[in-house]
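Residues in the sequence shown are numbered consecutively from 22, following this note's numbering. Each residue gets a CB set at the ideal place from its N, CA and C atoms; glycine is no exception.
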Amino acid sequence: MGVLVANPKGGVGKTPSALILGGVFANVRGGQSVVYEVTDDAGSLAVRAEGPMTAGVAELARDAGEIRGAGQLASYTTQQTSYAAVIGAPRDRNPLGYEDVQRVSDILGFFYPVRVMDSGNQLSSGAMYGALARADVLVIPVLEAIDSVSSAAQLTRYLRRLGGAAAQLAEGAIVLRIDDGRPASAEIRSYVDDALASAGLRDVHRIPYDPHIAERSTITLGKLRPATVEAYTYAAAAVTHRLNSLVN
């Protein structure tokens, strides 16, 4: 199962949501979940994850054809206290392209039943196309803000224009409506309601404010408020339900 966390607007919670969703899946399954970066340029996944990284997604893209076992693959991952594995960018790297993301996704899919992809902000990048080709379910984080929900609508329009599997991702997208602690008027909240409905985004999960996420530092599943974990767990269940509907 490939879960793509995407919104072309930066700063809407893609990386924390990818880490938490991956952590929820791993916590329930006793592992078997990987969160990895599919951004064209290096993103913030490595600095938001627990523990230092010595190798990352660029090195794995380079070496994917040489991986023969789980122990060898483990040298590219950083284990979380949630039992999820994370592969980010521990240093500056060249941009990822379509084939890079394909190679990484294929090797990770062989060893991990659940793959969660943390994407970038450029819809037309090769990395994004590679992620779309290896995604089964789309998760779109939005804030209580006009710009973030407008970008979510832009994403769904773009995917529908692409047609095929991309359009199916848009049709079954799961929205995380995140409270980041900033005040939002009733007018703004009503705008977000209407914009999500107009974009055909109806599977919406509210994520409450959590000071641990707001710290913009390392994300640890055990430090989140219970209500936050519960909200993300319901979202993870929706992802699983969506996958089951595709299979059945």
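Asked	Found
Is there contact between the segment 31-50 and the segment 84-91, where contact requires at least three CB pairs shorter than 8 Å?	no
Nearest CA to the CA of residue 130: which residue from 227, 38, 57, 212?	57
With a 10 Å radius around its C-beta and 16 neighbouring C-beta atoms as the bar for buried, classify residue 266 as buried or exposed.	exposed
Across the segment 95-102 and the segment 64-79, are there enough close Cβ pairs to call them in contact, namely three or more that are closer than 8 Å?	yes
Can you tell me whether DSSP reads residue 25 as helix, strand or coil?	strand
Report the partner residues of residue 226 according to the DSSP bridge assignment.	197
By DSSP's criteria, residue 57 is part of a beta bridge. Which residues make up the other side?	108, 138
For residue 162, which three-state DSSP category applies?	strand
Within this structure, are the beta carbons of residue 62 and residue 141 separated by less than 9 Å?	yes
Nearest CA to the CA of residue 104: which residue from 252, 243, 59, 247?	243
For a quick check, are the C-beta atoms of residue 101 and residue 44 less than 9 Å apart?	yes
Measure how close the beta-carbons of residue 239 and residue 70 come, nearest whole angstrom, since I'm counting them as under 8 Å.	7 Å
Can you give me the Cβ contacts of residue 38 inside the same chain, cut-off strictly under 6 Å, excluding the 5 residues immediately before and after it?	26, 162, 197
With three or more C-beta pairs closer than 8 Å as the rule, is the segment 176-183 touching the segment 131-139?	no
Would a C-beta distance cut-off of 9 Å place residue 157 and residue 264 closer than the cut-off?	yes
So for residue 100, helix, strand or coil by DSSP?	strand
Of the choices 195, 40, 220, whose alpha-carbon is the least far from that of residue 255?	195
Can you say whether residue 268 is buried or exposed, counting buried as having 16 or more other CB atoms within 10 angstroms of its CB?	exposed
From the DSSP output, in three-state form, read off residue 144 for me.	coil
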